[in-house]
Structure formats: structure tokens, C-alpha cells
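Protein chains in written order, with the working numbering: chain X, 1 to 228; chain D, 1 to 228.
Beta carbons: idealized from backbone N, C-alpha and C, even for Gly.
A quick note: this is a predicted structure, and the numbers were derived from the prediction, not measured.
Input: a single structure, listed below in C-alpha cells.
Number of protein chains: 2
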Amino acid sequence: MKEGPDIAQIGALIGDPARANMLAALTGGRALTATELAAAGGITLQTASSHLSKLEGGGLLAQRKQGRHRYFTLADEAVARLIESMMGLAASRGHLRHQPGPKDPALRKARICYDHLAGDYGVRMLDSLVASGSIDAIGDGLAVTTKGESDLQCIGIDIGSLKSSRRPLCRSCLDWSERRAHLAGSLGKALLASFMEKGWARRIPESRSVVFSPEGDRQFLKLFPLQS
Amino acid sequence: MKEGPDIAQIGALIGDPARANMLAALTGGRALTATELAAAGGITLQTASSHLSKLEGGGLLAQRKQGRHRYFTLADEAVARLIESMMGLAASRGHLRHQPGPKDPALRKARICYDHLAGDYGVRMLDSLVASGSIDAIGDGLAVTTKGESDLQCIGIDIGSLKSSRRPLCRSCLDWSERRAHLAGSLGKALLASFMEKGWARRIPESRSVVFSPEGDRQFLKLFPLQS
DNA sequence: TTCATAGTTCGATCGTAACCGAAGCATCTC
DNA sequence: GAGATGCTTCGGTTACGATCGAACTATGAA
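So this is what it looks like as C-alpha cells:
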């Protein structure tokens, strides 16, 4: 019976609501302080401190001290993907905690997932890249084509330099709101970064939401047309 | 803060050691009765009954009644993949529960993962299929080539009929012992089934282990040579 | 029918862990 | 230095849930 790794420890770490909320907040990709995470978890600083040390001890979080602040992030992309896939499963089983509010539609439209774009816009972007032949999709796998390489170069993404990083260029990531794949990996990160750099989109503080400016919206929709 | 699906519920379900052991036992792919799962979890039948109804209520398990038995399985492949990916993460963080025993090496060599082959042999099989050009690998994605289609036909796997099922033909599944991908999906299932049908391999009761006969071992190694 | 086996429900116990107040460090500012 | 801010540690309370014994229901066998 006692075969293999112990998933109960990790499950228990994620299984506490306060910790789950903190982890979900960190899925936003930003490094957060203990105080911010305490707020995200809806608990006091003392309690958060104890939770955070447990999460770190369990290998789910990484921290770096900076002056008198202590910044926490998810330990690595593997953790982010686990959290995201649990969200997908939770959504498909109807485990929801959101009370539908004004903020919710915005979140479904575009949000941060670790470091790339998710939601309707994230899914649309990947669909469009695949339809235009910039990205090849085989099952769950994604690869940039030579056509995509030059197309992306035109909008300021240098595939060559991205390739040199150890992180995979493309990854598909299951979107919990759309239930379809969006683009992760270093390319997904670079694309979102370029949108923000161009002023097309910006992040809403304290939230995973990403909002597009009217002009950015127009450009985005033109760049990634819907084909059906 | 209250954005998106609630991962805490699922985490908490997996987070109890007894439940985690039951889920891990079900990763073996077989449908198990409440009594068997109680043994797997190391608890009494009453306690198991309560756990099982929670797991079912949470959407992680499916059950079917058959006479006076009640058979439980993982709800679907998504759950199996979550469990397996948590095992991968747990292994990489050093959350182990196995006391190294004589059974352990066998488990690392070949075992069941839901319904396909995992462990050293599972990884080797996929590597060999990719190296021989039977399967194309792009990132995490896998696809059978036309060459692969005819090669597999020769060993009695009919890709055409597998394609008609709704389940994906190929999937990569991260192996927790090898830390590399092995072949899942309906093709992975069909391959393992054919090995067992030919008498090359058989399952060990009450375990995830798969043992190969001397002849089966020879055939398997010949069929999927190591290229390095 | 009677008996055995599979499983659920109830009730009570018990342990663990989440929680916060208060006090203690550590780091920055003035 | 003094004071403020960020965070941790300690101690004690509380609540939830895992556990099992016992009683109950359901299915199958004799």
C-alpha cells in the first residue's frame, strides 16, 4: 500500500482555505509580502506567518528577503501548473467560491495566469496563432513554425533569444474559465509583456484582472482575429 | 480575493492520508470495493465509508453498484492525471512515504498508471517509439505518424479503431519515478492490454506492479530498443 | 426462512491544527 | 538614539473532522 510519493502532504497544504487563497493570489505571478498574503487569505499576520512557513517547508513557495520585506512566490512553474490544473478540475466539478460580481466578467475576459495571458483573450490568442499557422498544435504540444517565427518577429518578439532560455518556449495551459487551452511558456510571457509595454493592457492591482485600453483592445483583436 | 474556483475543497479531499492512500490505490486503474479501499487506507470500513462518500460528493470518485458490492473508480482521467502530477511534484519535493523494500524496484521498473504502462519500461517504450519515428513529439504533445500507424498495426494495434473513440489517442504523462514522460491515452492503454494478452506481462494483485515473463521481457526489449 | 457478508448511519471520543493576542526580533527612517 | 513597520514566536483557546463501536439496512447464499 505504501507505494510512491506522498500526495497527502501536498493536498493538505493546499486543502486549507487560507492557504489555498494565498496560493491562488500568487498564481497572479507577482511576488507578494506576508502582509499582502495575510489579506489575501483573510487572516491575521501571525496566522499567515505560520501558514507561509508550512508552505515553504512543503516546497510550494519560495521566498526572498528584501530589506524588511519578505517576498513570496510560487516555488516554480510546476507548482503554478498544479494549482491551475486543480482550478480546472474544481471548476469542472462545480467547486466555486466566487460570488458573481462586477469584477467577474473582466476576469473571464483577460487575466494573468502566473506570467501569461489567460481567459477569453488568452484562448483567442492561441486559437488565432494556430489558425494562422504560426503555431503547430499536436495534442497538448505546441511548437512555433518558421512562419510563426517571422510573424512574431514583426510584432517585436524575438524567438531566437527566447529559445536560449531553459524554460520551454510554448506550453499549453488549461484555462479554468474557458475550459480550453491558452498559451503559456516563455513565449506566452513575452507576448503579454509586449502588450503591457505597448500600453495596450495593464494589470489591476490586487487582482488577476488584465484590462485593455480601447486602442489596445482594437489592436489585439485585429492582430488575433477570430476564425470559425 | 474570492476569484475563481475553490481548490481548497479538492486539496482537502486529497489531503487526508487515508483518502490519499485510497486514491493512490485507485490510480492502479482497477475498480475496488469499499472493503478493499478501507484496507488500502488502513482504516475500518465505517471510516472508509464516510471518506468514500466525501470523495464521491467532491466529484473525484465514481461508483457503480454490482450486487452487494460497490465498486469505486476515479471519476475520470482528469482526476487520474491530477493525482499522478501531484505524485510527480511530491517526489520532486521529497515527500516520500515508501520505506525502500524489495517491492520498490519492481515498481520502478514497470507499473500501472491508471490504464497504461509507467516506470522505466513505460518511459523506454515512449522514447523508443519517438526515436523510431512512430510518434512525433512536440513539446508535451504526441501524435502518431503514418509510419507509426503501420508499425503499430504490425504488432496488432489498430489505430483506426482507437481514433474513433472520444479519448485522445496519445497523451504524455509525467512519470514520478523516472521524472520523464511515458505514453498515456488510448494508445497507451491498448499497448499495455496487448502485452498482457500476449502473456508478456501480468499484474500483481493488490499492487500497481507489472511483471514481465522472461520471454515477454525479451520481446519487449527487442521491440523497443534503447537508442542513445 | 435463517445466516452471512457488504455497506451505511449514528453517537461519542479524541487529536490536531487553525486561530488570535501579546510579546519579541529585525530592519528601516528620522 | 527613538520610533515605526514587517514579521516571527509563544501560549492558550476553540472547533472541526477523523476515528471507531454499535446498531441498522441491503443483498446474496443455504
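Contacting residues, own chain, Cβ-Cβ under 7 Å from residue i (five flanking each side not counted)
{"i": "R124 (chain D)", "result": "F224 and L226"}
{"i": "A106 (chain D)", "result": "S209 and V211"}
{"i": "A38 (chain X)", "result": "T44, L45 and A48"}
Backbone secondary structure at residue i - three-state DSSP
{"i": "L129 (chain D)", "result": "helix"}
{"i": "T35 (chain X)", "result": "helix"}
{"i": "K198 (chain X)", "result": "coil"}
{"i": "Q227 (chain D)", "result": "coil"}
{"i": "P5 (chain D)", "result": "strand"}
{"i": "Y71 (chain X)", "result": "strand"}
{"i": "R124 (chain X)", "result": "helix"}
{"i": "H182 (chain X)", "result": "strand"}
{"i": "I157 (chain D)", "result": "coil"}
{"i": "L60 (chain D)", "result": "coil"}
{"i": "L169 (chain X)", "result": "coil"}
Proximity test, Cβ basis, 7 Å: residue i and chain X
{"i": "Q9 (chain D)", "result": "yes"}
{"i": "M22 (chain D)", "result": "no"}
{"i": "H69 (chain D)", "result": "no"}
{"i": "H95 (chain D)", "result": "yes"}
{"i": "D6 (chain D)", "result": "yes"}
{"i": "G29 (chain D)", "result": "no"}
{"i": "G148 (chain D)", "result": "no"}
{"i": "P17 (chain D)", "result": "yes"}
{"i": "L82 (chain D)", "result": "yes"}
{"i": "A62 (chain D)", "result": "no"}
{"i": "A106 (chain D)", "result": "no"}
Cut-off 6 Å between Cβ atoms - residues of its own chain near residue i, not counting five sequence neighbours on either side
{"i": "R171 (chain D)", "result": "A184 and G185"}
{"i": "A20 (chain D)", "result": "I14"}
{"i": "W176 (chain D)", "result": "M87, G88 and A91"}
{"i": "L117 (chain X)", "result": "L192"}
Buried or exposed by the 16-neighbour rule on C-beta atoms within 10 Å, applied to residue i
{"i": "S85 (chain X)", "result": "buried"}
{"i": "P102 (chain D)", "result": "Its pLDDT being 48, under 50, P102 (chain D) is placed unreliably in this model, and the value from its coordinates should be taken loosely. When all chains shown are included, P102 (chain D) counts as exposed."}
{"i": "A80 (chain X)", "result": "buried"}
{"i": "E36 (chain X)", "result": "buried"}
{"i": "K147 (chain X)", "result": "exposed"}
{"i": "T27 (chain X)", "result": "buried"}
{"i": "Q153 (chain D)", "result": "exposed"}
{"i": "K189 (chain X)", "result": "buried"}
Within-7 Å CB hit, residue i to chain D
{"i": "D120 (chain X)", "result": "no"}
{"i": "A78 (chain X)", "result": "yes"}
{"i": "A181 (chain X)", "result": "no"}
{"i": "A110 (chain X)", "result": "no"}
{"i": "M86 (chain X)", "result": "yes"}
{"i": "A184 (chain X)", "result": "no"}
{"i": "A91 (chain X)", "result": "yes"}
{"i": "A38 (chain X)", "result": "no"}
{"i": "A34 (chain X)", "result": "no"}
Residue i Cβ short of 6 Å to the ligand GTP heavy atom set
{"i": "G29 (chain X)", "result": "For the structure depicted, the ligand GTP is absent and the ligand set is empty, with no information on it obtainable."}
Same chain only: Cβ atoms within 8 Å of residue i, ignoring 5 sequence neighbours per side
{"i": "K109 (chain X)", "result": "G119, D120 and Y121"}
{"i": "Q99 (chain X)", "result": "Note that Q99 (chain X) has pLDDT 48, beneath the 50 cutoff, so the model's placement of it is unreliable and the number below is only indicative. Hits under 8 Å: none found."}
Listed from N- to C-terminal order along the chain, which residues in the segment 152-175 of chain X have their beta-carbon within a distance smaller than 9 Å of any beta-carbon of chain D? Within the segment 152-175 of chain X, the residues whose Cβ lies closer than 9 Å to some Cβ of chain D are P168, L169, C170, R171 and S172, listed in chain order.
In chain order, what residues of the segment 187-218 of chain X put their CB closer than 9 Å to some CB of chain D? Going along the segment 187-218 of chain X in chain order, one finds E206, S207, R208 and S209 with a Cβ nearer than 9 Å to chain D.
Name the residues in the segment 129-145 of chain X whose C-beta lies less than 9 Å from a C-beta of chain D; which are they? Look at the segment 129-145 of chain X: the residues with a C-beta under 9 Å from a C-beta of chain D are D136, A137, I138, G139, D140, G141, L142 and A143.
Using Cβ-Cβ distances below 9 Å, what residues of the segment 41-56 of chain X are close to chain D? Under the 9 Å Cβ criterion, the segment 41-56 of chain X contributes G41 and G42.
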